[in-house]
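Take the sequence shown: its letters are residues -31 to -1, 1 to 335, numbered as in mature numbering (1 follows the signal peptide of the UniProt record, and there is no 0).
Report on the structure given below.
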Amino acid sequence: MIHILKSLFKTTLLFFLVLTCWVGLSTPTQAAPDRESRLPGGDAITEGDAILRYALPIDNDTIFKIQGDIESIIAPIRGRRWSAATSSLSEANFLLSTRREKILASIAEDRRSEAQEALEQLSTDLNILREQVAEQDKTAAFETQKSCLSEVETLENLMVQGFPYEVPSEYSALPQLKGRATVEIETKKGSLTVVVDGYNAPVTAGNFVDLVSRGFYDGLPITRADEFYVLQLGDPPGPENGFVDPATGEERTIPLEIRVKSEVEPIYEFTLEEIGLYREEPVLPFSAYGTLGMARPDNDPNGGSSQFFFFLFEPELTPAGLNLLDGEYAVFGYVVDGEDVLPELKKGDRITSMKVIKGMENFLPG
């Protein structure tokens, strides 16, 4: 079985995380050039669906600001700082009311009608959310916040215009995902929904979607289950460590693929440490519970095949850009529903089935 990390690496990681907390996250970061993905500064984003929204290949500061304002109310509401939540929602409402044309300017003409509907619904739900916060109704506010963010996501997806770059031709024989796909994972302990991101990891995500569509993972056991660390699966029966392509009779492997915020295209075949990009932050970081990472041999960045893992560390201990997984392993998606199932899964539990329920139109078989 491929091990994600050696025990020494795990020990080093735990030490680093404790040290990071001790120094108060004071490590400086480089200024962000204009073409960077709009991941906001400050505290690391710890929700997979929020990371995915910011990682879309779009450029509209207004919608990102509205998104940030709506997302930011969680901590104030939990802490009963209602005035802070009200302030954020008032700003979001102001931007939505005064900069609607700037939002629509990023959306193609043939999509404007759908965008207008989403804007109207967002406006309605935002007003409801403001009322719920004024009434200090925490439960209702969190539910309406989800609706608002869903409408923001609809608008952001409508802004995407094609695939933003060319994948290097040397990987043309490999499956690719030129967009996103949603995969439903069934286990006896419950269901998980994951979104895999081909915009930022087209080869890694394409490889995964191909294997899911083949039924490769159905019935396979979880081979590693470390509490607060990882769940790993994808090791097939027999001597092989990965997927053997029936067309070639050989194990199919994929290159390490990591897109950093300062680049339009992913970096292939090298860890960020190997090419001296120590302080670059991946667009898809290991900062959300349920991050999907590609497993590989310790000594071969380009030896990944079928095995992958769910990252289970508490995100507060692993801020984006400040842990030892970012830049070493490829992230290709996030759990967006059913996170509570992950801690219930143990070594030996089997995947009942995996199915692509959305996004197969973005898949290229290679």
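Glycine included, each C-beta is placed from N, C-alpha and C at the ideal position.
Does residue i pass the burial test, meaning 16 or more other C-beta atoms within 10 Å, or should it be called exposed?
i, result
"Arg47", "exposed"
"Gln276", "buried"
"Phe63", "exposed"
"residue 340", "Residue 340 lies beyond the residue range present for the chain, which begins at -31 and ends at 335; the question has no answer from this structure."
"Met329", "exposed"
"Asp79", "exposed"
"Glu120", "buried"
"Gly273", "buried"
"Arg81", "exposed"
"Pro334", "exposed"
"Asn96", "exposed"
"Gln130", "exposed"
"Ile326", "exposed"
"Gly148", "buried"
"Asp295", "buried"
Cα separation between residue i and residue j?
i, j, result
"Pro205", "Ile320", "12 Å"
"Ala54", "Pro208", "56 Å"
"Val178", "Glu104", "45 Å"
"Asp267", "Lys34", "40 Å"
"Leu261", "Thr217", "27 Å"
"Thr222", "Lys316", "25 Å"
"Asp214", "Val300", "23 Å"
"Ser6", "Glu232", "For Ser6, the pLDDT reaches just 40, beneath the cut-off of 50, and the residue's location in the model is therefore unreliable, although a value from the coordinates is still provided. Distance between the alpha carbons of Ser6 and Glu232 is about 9 Å."
"Gln85", "Gly259", "33 Å"
"Gly302", "Gln114", "23 Å"
"Lys230", "Pro133", "14 Å"
"Gly188", "Val164", "21 Å"
"Met323", "Ser59", "42 Å"
Check the C-beta distance from residue i over to residue j and give it rounded, since I have them as a contact under 8 Å.
i, j, result
"Val310", "Gly184", "Val310 to Gly184, Cβ: 21 Å. No contact."
"Asn169", "Arg228", "5 Å"
"Ala142", "Asn331", "The pair is not a contact, with the Cβ atoms about 18 Å apart (cut-off 8 Å)."
"Pro171", "Val136", "5 Å"
Three-state secondary structure (DSSP) at residue i?
i, result
"Lys327", "strand"
"Phe197", "coil"
"Ser59", "helix"
"Phe111", "helix"
"Phe33", "helix"
"Gly296", "coil"
"Gln145", "strand"
"Glu220", "strand"
"Thr67", "helix"
"Val310", "helix"
"Glu232", "coil"
"Thr123", "helix"
"Pro251", "strand"
"Ser116", "helix"
"Ile191", "strand"
Residue range of the alpha helix (DSSP H) that residue i falls in?
i, result
"Val152", "That residue, Val152, is in no alpha helix (DSSP H); its beta strand (DSSP E) goes Arg149 to Thr156."
"Phe177", "Pro171 to Arg183"
"Arg22", "Gly17 to Tyr23"
"Leu82", "Checking the sequence, you will find Ser at residue 82 rather than Leu. First-last of the alpha helix (DSSP H) with Ser82: Arg81 to Ala103."
"Pro137", "From DSSP, Pro137 is part of no alpha helix (DSSP H); its letter is neither H nor E."
"Ala44", "Ile43 to Arg47"
Starting from residue i, trace the beta strand (DSSP E) in both directions and tell me its first and last residue.
i, result
"Thr260", "Thr260 to Met263"
"Tyr303", "Val300 to Asp306"
"Val163", "Gly159 to Asp166"
"Phe239", "It is not in any beta strand (DSSP E) - Phe239 carries neither H nor E in the DSSP assignment."
"Phe280", "Phe277 to Phe280"
Does chain B have any CB closer than 8 Å to the CB of residue i?
i, result
"Tyr134", "Of the protein chains in this structure there is only one, and it is not chain B."
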